[in-house]
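Peer 1: The numbering of the sequence shown is the working numbering, which starts it at 236 and goes up by one.
Idealized CB from N, CA, C, for every residue including glycine.
My questions will all concern the structure given below.
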Amino acid sequence: MTLFVIWVLAFAVLLAVMIKAWDKGLSCALGSLLPAVLRSDDDQWIWCPALAVLGATFIVFPIDMLMTLLVIGIIALVGCKLGCWVMGKVH
Numbered sequence: 236m237t238l239f240v241i242w243v244l245a246f247a248v249l250l251a252v253m254i255k256a257w258d259k260g261l262s263c264a265l266g267s268l269l270p271a272v273l274r275s276d277d278d279q280w281i282w283c284p285a286l287a288v289l290g291a292t293f294i295v296f297p298i299d300m301l302m303t304l305l306v307i308g309i310i311a312l313v314g315c316k317l318g319c320w321v322m323g324k325v326h
């Protein structure tokens with residue numbers, strides 16, 4: 236129960252901070268990183284809660300998040316290398 240309360244508090248604080256910082260630069264930073272397909276008029280209400288969930292989870296379970304990011308990175312690296320190898324064999 237304690238972890239849930241900490242997670243909810245971290246989520247609320249991060250969401251409030253991100254909503255306040257949206258017009259000051261967060262929208263520009265995400266706008267430059269996102270392709271046009273992922274942009275919309277309501278980006279603030281989509282990306283702020285999503286980033287707040289990730290941030291709160293990282294605060295409560297930092298090792299789990301780091302291990303997940305490491306596994307995703309290794310899978311992406313292997314996939315890219317395997318794709319490049321296959322494309323080299325095709326030509």
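From this set, PHE246, LEU238, PHE293, which residue's C-alpha is nearest THR287's C-alpha?
Peer 2: Per the sequence shown, residue 287 should be read as Ala rather than Thr. Considering only alpha carbons, the answer is PHE246.
Peer 1: Which residues in the same chain have their Cβ closer than 8 angstroms to the Cβ of LEU250, if we skip the five residues on either side of it in sequence?
Peer 2: Around LEU250: CYS283, PRO284, ALA287.
Peer 1: In this structure, does DSSP put LEU269 in helix, strand or coil?
Peer 2: coil
Peer 1: To the nearest angstrom, report how far apart TRP257 and ILE310 are at their CA atoms.
Peer 2: 32 angstroms
Peer 1: By DSSP, does MET300 sit in helix, in strand, or in coil?
Peer 2: helix
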